[in-house]
Amino acid sequence: MCYITVPAGYTILLTVNSFITEANYDKLYIYDGSSIASLLLATWSGRVDAGRKLESSGNSLTAVFVTDASSNLAGFSIGYSQSNRTVCLPPNYSGPDGILLSPGFSTNQNYHSNMNCMYQVTVPANYMVLLTVNSFATEYNYDKLYIYDGSSTVSPLLAEWSGTIAAGRQLETNGNTLTAQFVTDHSTVNAGFSISYSQSNGTACLSPNYSGPDGTLLSPGFSTNQNYRDNINCMYQVTVPANYSILLTVNSFITEFIYDKLFIYDGASTSAPLLAEWSGRVDAGKKLQSSGNTLTAKFVTDASSNQAGFSISYSQSNASLSTSVCLPSNYSGPDGVLLSPGFSTNQNYHNNINCMYQVTVPANYTILITVNSFITESDYDKLYIYDGSSAASTLLAEWSGTIAATRQLESTGNTLTAKFVTDGSTNYAGFSLNYSQSIRTVCLPPNYSGPDGVLLSPGFSTNQHYRNNMICMYRVSVPANYTIQLTINSFVTEYDYDRLYIYDGLSIASTLLA
């Protein structure tokens, strides 16, 4: 047991010179007062870094060192000194600008343990308080600066900062007062912080209404090269002449990913269908189109980390009268071409379309689809292909993204239905698909005997691909007392989907060899 007392009005500052004990079993207990009934400040065991500091709240301190019955080590050397506790600075700050400092920062001293310091900032009415970090380093998770959006700690919490905060980070209130509370625990101190504050006009929302054939939507501050601010909720409503739609084109877009978002709705209010939700980085040139002549956007940011924002051009589009119109839906005859809307005039298809295609060839033929070109927005703009006369038929394929030229697909009968569906954003060139009547490549004779021979897939002997939806059987018999050895000459099928199963016997109930 060890008791330390320094003159009244001082605290006791412990500094570790060296500390090594048997971890978990040999411990030093340190109490904040004149007995072990005082508050326990720390329990040290194992290795404690040289230079680590611990401070009492008053002029007395008690330490107890307890060891078990085995494994002893070098122990410890801990310096102590009387200390002038770094007291909290004046709590009230007013005027157009100033600096908030942690205790000791101005004299290059670390703040101390067990502190609870208040700061209240007031700027002139009709302004907001803008904080800008100059330097910030505290013990992560244990020493924290709480920042409130108002005149007390019951105001909304804007931020809870701890650890290292990058210089230049900003935070803005919604009114002209701000309260901050700096709380530290009983161990491990750091340099603290320097945070500038200034009055700010805030970057207010721009005019919400836009009309005419074209224009530009900007985030607050974008036109003056300023980042948008925190905690804003800005509305934009765009209207173009009747019978037109609205085409948005991104010029520049960067926001805090996930937290600062632009919501875009396909109509005159936020109750209209949501077309897109953009956040983070959106590529320049990205397009989005409404289905009618009105569009609503809402830009919402959280309480931290702002970015440059966005510039988005809008223009009236007559797409609803051209490339958004589906082409004729019925196709017949021995061959032809299926095109996405706009493909024949080198235009991208547009958003929010739902186009049907039905192909019929003469009876006793099948329909062979061959891709000439196919590119759509992956996962969102899709061509569904059905094996029959309606979308209730069996789904043969669901194509989206990029499909390689010459890829083929075959129906089982003489009719085929396709449906092209696009969402509310990002369009591409679309597709060109040939169709032709086809004589299905039928299975070859199933039985093979004699000492040797060749097994071929349907069409191989005439340099044709096998077809889709086939089930072909092969049975090979050689003279008694011999086994059958297979040697591959050539083998290529669609991986994972088109397979050759080989059984060790006269039927598929035999053991599977490969």
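So for the sequence shown, UniProt numbering puts the first residue at 1; every next one is plus one.
Cβ coordinates follow ideal geometry from the N, Cα and C atoms, glycine included.
Quiz item: If S317 and S245 are in contact, beta carbons under 8 Å, what's the gap, nearest whole angstrom?
Solution: The count along the sequence shown starts at 1 and reaches residue 317 at position 317. The count along the sequence shown starts at 1 and reaches residue 245 at position 245. Indeed they touch by this definition, with Cβ atoms about 5 Å apart.
Quiz item: Taking the Cβ atom as the reference point for each residue, do L61 and S196 lie within a distance shorter than 9 Å?
Solution: Numbered from 1 along the sequence shown, position 61 holds the residue referred to as residue 61. Numbered from 1 along the sequence shown, position 196 holds the residue referred to as residue 196. Contact check for L61 against S196 fails: the beta carbons are separated by 9 Å or more.
Self-check item: CB of Q464 within 9 Å of CB of Y365, strictly
Solution: The residue labelled residue 464 in the question sits at position 464 within the sequence shown. The residue labelled residue 365 in the question sits at position 365 within the sequence shown. Not closer than 9 Å, so no.
Exercise. Starting from C2, follow the beta strand (DSSP E) in both directions and report where the run begins and ends.
Key: Start at 1 with the first residue of the sequence shown, and residue 2 comes out as number 2. First-last of the beta strand (DSSP E) with C2: C2 to T5.
Quiz item: Rounded C-beta distance between T21 and G75? I'm assuming under 8 Å.
Solution: For the purposes of this step, residue 21 is taken as the residue at position 21 of the sequence shown. For the purposes of this step, residue 75 is taken as the residue at position 75 of the sequence shown. Right, their Cβ atoms sit about 7 Å apart.
Quiz item: When we look at the beta-carbon of I232 and count the other beta-carbons within 10 Å, is it buried (16 or more) or exposed?
Solution: As a position in the sequence shown, residue 232 is number 232, starting the count at 1. The residue is buried, with at least 16 neighbouring Cβ atoms inside 10 Å.
Self-check item: Buried or exposed (CB count within 10 angstroms, at least 16 for buried), S291
Solution: Counting from one through the sequence shown, the residue named residue 291 turns up at place 291. Under this definition S291 is a buried residue.
Quiz item: Between L178 and the rest of its own chain, which residues show a CB-CB distance below 6 Å, the 5 nearest in sequence each way excluded?
Solution: Position 178 of the sequence shown holds residue 178. Around L178: V121 and V129.
Self-check item: Beta-carbon contacts of L171 that lie in its chain and below 8 Å, excluding the five residues immediately before and after
Solution: Counting from one through the sequence shown, the residue named residue 171 turns up at place 171. These residues qualify, in order along the chain: L130, L131, I147, L158, A159, D230, A303 and S304.
Quiz item: What's the C-alpha gap between T345 and I367?
Solution: Here residue 345 refers to the residue found at position 345 when the sequence shown is read from its first residue. Here residue 367 refers to the residue found at position 367 when the sequence shown is read from its first residue. Approximately 26 Å between the Cα atoms of the pair.
Practice problem: Please determine if the region 180 to 200 and the region 260 to 280 are in contact, where contact requires at least 3 C-beta pairs separated by less than 8 Å. | Solution: no
Quiz item: From K261, S389, S449 and F431, pick the residue whose C-alpha is nearest to that of Y228; which is it?
Solution: Walking along the sequence shown from the start, residue 228 turns up at place 228. The option with the nearest alpha carbon to Y228 is K261.
Quiz item: Looking at the structure shown, is T422 part of a helix, part of a strand, or coil, going by DSSP?
Solution: Translated into positions along the sequence shown, residue 422 becomes position 422. In this structure, T422 counts as coil in the three-state DSSP scheme.
Quiz item: What's the C-alpha gap between L40 and C88?
Solution: Translated into the one-based positions of the sequence shown, residue 40 becomes position 40. Translated into the one-based positions of the sequence shown, residue 88 becomes position 88. Cα to Cα, L40 sits roughly 23 Å from C88.
Practice problem: Tell me, to the nearest whole angstrom, how far the beta carbon of Y357 is from that of Y331; I am working on the premise that it is less than 8 Å. | Solution: One-based indexing of the sequence shown puts residue 357 at position 357. One-based indexing of the sequence shown puts residue 331 at position 331. About 7 Å; that satisfies the 8 Å criterion.
Practice problem: Keeping to the same chain, check which residues put their C-beta closer than 6 Å to that of V282; ignore five residues upstream and five downstream. | Solution: Translated into positions along the sequence shown, residue 282 becomes position 282. Cβ within range, chain order: V250 and F253.
Exercise. Work out the CA separation of P241 and D214 for me, nearest whole Å.
Key: One-based indexing of the sequence shown puts residue 214 at position 214. One-based indexing of the sequence shown puts residue 241 at position 241. Approximately 11 Å, taken between the alpha carbons.
Exercise. Quick one: residues in its chain with C-beta nearer than 6 Å to the C-beta of L321, no 5 flanking neighbours on either side, listed in chain order?
Key: The count along the sequence shown starts at 1 and reaches residue 321 at position 321. Bear in mind that a pLDDT of 36 at L321, under 50, signals an unreliable position, so the model cannot answer this.
Quiz item: At what residues does the beta strand (DSSP E) containing G292 begin and finish?
Solution: The residue you call residue 292 lines up with position 292 of the sequence shown. Note, G292: premise wrong, no beta strand (DSSP E); not H, not E.
Practice problem: Whole angstroms is fine: what's the gap from L500's alpha carbon to S457's? | Solution: Looking up residue 500 in the sequence shown gives position 500. Looking up residue 457 in the sequence shown gives position 457. Computed Cα separation, rounded: 10 Å.
Self-check item: Proximal residues to V133 (C-beta, below 6 Å), its chain only, five neighbours per side dropped
Solution: Counting from one through the sequence shown, the residue named residue 133 turns up at place 133. Excluding residues within five positions, the ones whose Cβ falls inside 6 Å are I165, A167, R169 and I195.
Quiz item: What residues in its chain sit with their C-beta under 6 Å from that of S384, if we drop five residues either side in the sequence?
Solution: As a first step, residue 384 must be located in the sequence shown, where it is residue number 384. According to the sequence shown, residue 384 is Tyr rather than Ser. Cβ neighbours of Y384 beyond the five flanking positions: E398 and K419.
Quiz item: Count the other CB atoms within 10 Å of the CB of P7; is the residue buried (16 or more) or exposed (fewer)?
Solution: Within the sequence shown, the letter at position 7 stands for residue 7. Under this definition P7 is an exposed residue.
Self-check item: DSSP three-state assignment for F257, whether helix, strand or coil
Solution: Taking the sequence shown and counting its residues from 1, one reaches residue 257 at position 257. Coil.
Quiz prompt | Residues near Y448 by beta carbon distance below 8 Å, same chain, minus five either side | solution = Counted from its first residue, the sequence shown places residue 448 at position 448. Answer for Y448: L455, Y474, R475, V476 and S477, listed in chain order.
Quiz item: Just checking my contact of L206 with A297 at CB under 8 Å: how many whole Å lie between their CB atoms?
Solution: Stepping through the sequence shown from its first residue, residue 206 is reached at position 206. Stepping through the sequence shown from its first residue, residue 297 is reached at position 297. That belief does not hold up - the Cβ atoms of L206 and A297 are roughly 11 Å apart, past 8 Å.
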